[in-house]
Amino acid sequence: MESTFKIGIVGIGDISDVYFANLARYRDIVEVVACAGRRLDKAEAVAARHGVPRAYPDAQALLDDPEIDIVLNLAVPAAHAEINLAALEAGKHVYTEKPLAASYEESRRIIELARQKGLYVGSAPDTFLGGRLQTCRKLIDDGTLGDIVGASAFVVSHGHEWFHPNPDFFYQAGGGPLLDIGPYYVTALLSLLGPVRRCSAMASRAFDTRIIESEPRRGESIDVEVDTHITGNLEFASGAIGTLLTSFDVWDSELPRLEIYGTKGTLCLPDIDPTDGPNLFGGKVLLRTRDNYRWKGMPRQQPLSDWEEVPCEHPFTSTSHADNSRGIGLVDMALAIGEGREERASGRMALHAMELMEGLLTSAREHCFLELATDFERPAPLPVDFLQRG
Ligand SMILES: NC(=O)c1ccc[n+]([C@@H]2O[C@H](COP(=O)([O-])OP(=O)(O)OC[C@H]3O[C@@H](n4cnc5c(N)ncnc54)[C@H](O)[C@@H]3O)[C@@H](O)[C@H]2O)c1
4 MESTFKIGIV GIGDISDVYF ANLARYRDIV EVVACAGRRL DKAEAVAARH
54 GVPRAYPDAQ ALLDDPEIDI VLNLAVPAAH AEINLAALEA GKHVYTEKPL
104 AASYEESRRI IELARQKGLY VGSAPDTFLG GRLQTCRKLI DDGTLGDIVG
154 ASAFVVSHGH EWFHPNPDFF YQAGGGPLLD IGPYYVTALL SLLGPVRRCS
204 AMASRAFDTR IIESEPRRGE SIDVEVDTHI TGNLEFASGA IGTLLTSFDV
254 WDSELPRLEI YGTKGTLCLP DIDPTDGPNL FGGKVLLRTR DNYRWKGMPR
304 QQPLSDWEEV PCEHPFTSTS HADNSRGIGL VDMALAIGEG REERASGRMA
354 LHAMELMEGL LTSAREHCFL ELATDFERPA PLPVDFLQRG
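What follows is the structure, encoded as structure tokens:
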């Protein structure tokens, strides 16, 4: 590659530190040269802390910087569309935190504008590039599971007001469990099984207000504007059938995080550690095939310890929320621009995910099946030596 891609970060809140830290590891590919939030003094403090040369008072000032090639959008979901569209209008490639936008229509406009301008749009989550889901991908691709029959993904908790300092946006348009944490699980399924053809769902909201449990706003009440308990059915174009449960209304659960069912075996990504979900990069991959299957009666046949644990040969295996590999999707996108190929954490897959998630909410509201219009190719598997330095 001839030169590094210059990155400008818009949005310098809770998640930004991990991006600054991770991108600094790949300075020969991507170099963060500027950042902006909504106040210059904060942007200057963040820039100084991370050794970033320039700080701007707002997004537009950063977009006017001619040196920036790629805008990394880490603002709140409600601001994603405006910033992504403005960045594309300014001639910049975009990599955005999830969701691509707060609605499918906005997401569609972003992908269409990028197409017209010949620019790249990539989107988080990039956790499907982590060692755990790439191990699953290899097992699916090499036929270990046989034909895929179905899949289940479950992510339930009692909401993000327990850890986030400003949890309001999780209960506003673009938030809720389906659009906030759901993208990790939906993207995991899409990246493994390909596009969905039809979906249906039911949804509800147990609480109209939530009390903030985290500092510094502990005790404050926030309004809930979105559904917070959603169960969905997905019919993949391959014929596989998926079940999805996302909720902020559940005190606890022993469901696994994700399972894939094939004619020759099951893959189970269990919830052994509380942070052990497909919203992180690593974690155990358990396999059950005819070879280690013993009928022991219903409902639970064999203990988890009886499953075969598949060793992970792929990089990026952190199970920590604070120290993880967020940003490898952006680094891959920079390489993809240089190589003229599609990025793995692709805008097209994110658009399909958005159409699916909004489709689920529409199905729940209107009591109908939704046919999906968008399509994408499964992202290429990540080579085992990707970004590994000798
Ligand atoms: N916090 C997490 O654990 C986490 C994890 C993964 C992904 N994310 C995603 O990252 C994104 C940001 O989340 P966060 O937790 O860092 O939120 P946050 O509220 O802590 O920070 C958001 C930042 O965006 C800035 N911002 C908002 N509107 C803006 C605008 N119009 N122009 C410029 N800056 C603007 C805010 O000033 C703030 O600095 C969201 O899309 C979220 O879904 C968050």
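To convert, note that position 344 of the sequence shown is 347 in the working numbering; the numbers rise steadily by one, no gaps. Glycine included, each C-beta is placed from N, C-alpha and C at the ideal position. In this text the structure is predicted, and so the values were computed from the model without any measurement.
In the three-state reduction of the DSSP assignment, N25 falls in the helix class.
In this structure, the C-beta of D129 stays at least 8 Å away from each heavy atom of ligand 1.
Of the heavy atoms belonging to ligand 1, none sits nearer than 8 Å to the Cβ of K299. Pairing E361 with D44, the inter-Cα distance amounts to about 37 Å. In the DSSP assignment, no residue is bridged to V152. Distances from the CB of K120 to the heavy atoms of ligand 1 are all 8 Å or more.
Distances taken from the Cβ of R329 to the heavy atoms of ligand 1 include one shorter than 8 Å. With at least 16 other beta carbons inside 10 angstroms of its own, V253 counts as buried.
For R220, the secondary structure class from DSSP, reduced to helix, strand or coil, is coil. Judged by beta-carbon spacing, V158 lies within the 9 Å limit of L248, meaning their Cβ atoms are closer than that value.
Nearest to A104 by alpha-carbon distance, out of A353, H370, R381, L375, is A353. The shortest C-alpha to C-alpha distance from A376 to any of Y29, L338, R200 is the one to R200.
At a threshold of 8 Å, G16 counts as near ligand 1, since its beta carbon sits closer than that to one of the ligand's heavy atoms.
Straight across, the Cα-Cα distance linking C139 with E47 is about 42 Å. Distance from the C-beta of A353 to the nearest heavy atom of ligand 1 is not below 8 Å. At a threshold of 8 Å, H83 counts as near ligand 1, since its beta carbon sits closer than that to one of the ligand's heavy atoms. The C-alpha of E34 is placed about 6 Å away from the C-alpha of F8. In this structure, the CA atom of E70 is about 21 Å from the CA atom of R52. According to DSSP, residue pairing for E311 in a beta bridge involves L290.
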